[in-house]
Amino acid sequence: MGRPREAPAIEQVESALQGSIAQVRPPESFRRQLGESLGMAAHSRAAGLSVQAKPRPSRWAVFITSVTIALSVTITVFLVRRLGR
Amino acid sequence: MSSSGVDEWNDLETVRAAKKDPAAFGLLYEHYVDRIYNYIYHRVGNAHDAEDLTSRAFFRAFAHLDAYEDKGYPFSAWLYRIAHNLVANWYRDSKRRQMVSLDELVVRGDPESHPERILSSDEDAQLLQTIIATLDHTRQELLYLKFHEGLSNAEVGTIMGRTEGAIKSLYHRTLLQLRREMVKRGLLTDEGE
Numbered sequence: 151m152g153r154p155r156e157a158p159a160i161e162q163v164e165s166a167l168q169g170s171i172a173q174v175r176p177p178e179s180f181r182r183q184l185g186e187s188l189g190m191a192a193h194s195r196a197a198g199l200s201v202q203a204k205p206r207p208s209r210w211a212v213f214i215t216s217v218t219i220a221l222s223v224t225i226t227v228f229l230v231r232r233l234g235r
Numbered sequence: 005m006s007s008s009g010v011d012e013w014n015d016l017e018t019v020r021a022a023k024k025d026p027a028a029f030g031l032l033y034e035h036y037v038d039r040i041y042n043y044i045y046h047r048v049g050n051a052h053d054a055e056d057l058t059s060r061a062f063f064r065a066f067a068h069l070d071a072y073e074d075k076g077y078p079f080s081a082w083l084y085r086i087a088h089n090l091v092a093n094w095y096r097d098s099k100r101r102q103m104v105s106l107d108e109l110v111v112r113g114d115p116e117s118h119p120e121r122i123l124s125s126d127e128d129a130q131l132l133q134t135i136i137a138t139l140d141h142t143r144q145e146l147l148y149l150k151f152h153e154g155l156s157n158a159e160v161g162t163i164m165g166r167t168e169g170a171i172k173s174l175y176h177r178t179l180l181q182l183r184r185e186m187v188k189r190g191l192l193t194d195e196g197e
């Protein structure tokens, strides 16, 4: 049964809260600099340029390369030993 | 980044234009930078981090603008959601869980780089701000979005990642908590209860 009695109480708080939160503005220098940086990014994109993270080699590529190198070394050593006999 | 050419602001049209021509993102920036900065500043409590996070928010919005779709919520809710996530990460990374007192905001930082602040000289308003600063940061964010931005429960829910019902319930509990504190500190009489 609390809600009907709470209503005016809450309205009082809502009314007190109206306009109570202070307004801040960013410094003009920051505002301008960020706008310029975004403008440059937009210009780069429009020109077809984009900044991308350097692609990392996949785990499979690293694994297959390692196995290939190991096999090559083993076969070479084996052949050299046979030829040496 | 020109801000000319739009007589009557229209989120969707501007977003559509920015998707086609990246330079039009400048219009969105000019329209929202003060609000996003203000929101972040109130959450982190200092100009340095507010500037850093505001920059990141706009660059992230710029990078992901193509992913934005109109799902019935304003573009601003999408932008606030980005800012909300960045601030959440900031809290997580820096372990600064507590909101900074709004009173501290006035004296902290270099006056040269300090944002312009419109101060209320009203003592009751100051006391109310002190009470708000004692709330946890989720409730402070809720009050900010409701009373400073005038957003609906559904929009606040979109930004904070909660359901509309959860926001409604949290809002109700927050106002009751505030009321108790206001009565305790003599800002309100307890006639309403």
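So the sequence lines, in the order shown, correspond to chains A and B.
Just so we're on the same page, the numbering used here is the position in the first sequence counted from 1, plus 150.
Just so we're on the same page, the numbering used here is the position in the second sequence counted from 1, plus 4.
We put the CB at the ideal spot given by N, CA and C, even for glycine.
Computed from a predicted model, the values in this text were never measured in an experiment.
Taking 9 Å as the threshold, the shortest C-beta distance from A/SER187 to chain B falls below it. Distance between B/ARG39 and B/ARG64, taken at the CA atoms: about 16 Å. Nearest to B/GLU17 by alpha-carbon distance, out of B/ALA61, B/TYR45 and B/PHE79, is B/PHE79. Excluding five sequence positions before and after B/ASP194, the CB atoms of its chain that fall closer than 6 Å to its own CB belong to VAL187, given in chain order. Restricting attention to beta strand (DSSP E) runs no shorter than 3 residues, the segment 53-99 of chain B encloses none.
Under the 10 Å beta carbon count, A/ALA192 is surrounded by 16 or more other beta carbons and is classified as buried. Membership of A/ARG175 in the beta strand (DSSP E) is indicated by the continuous run 173-175. With respect to the 9 Å criterion, B/HIS88 and B/GLY161 are not classified as neighbours on the basis of their beta carbons. In the three-state reduction of the DSSP assignment, A/ALA197 falls in the coil class. Within the same chain, HIS152 come within 8 Å of B/ASN42 by CB-CB distance, once the 5 residues on both sides are set aside.
In the DSSP assignment, B/HIS152 falls outside any alpha helix (DSSP H), carrying neither H nor E.
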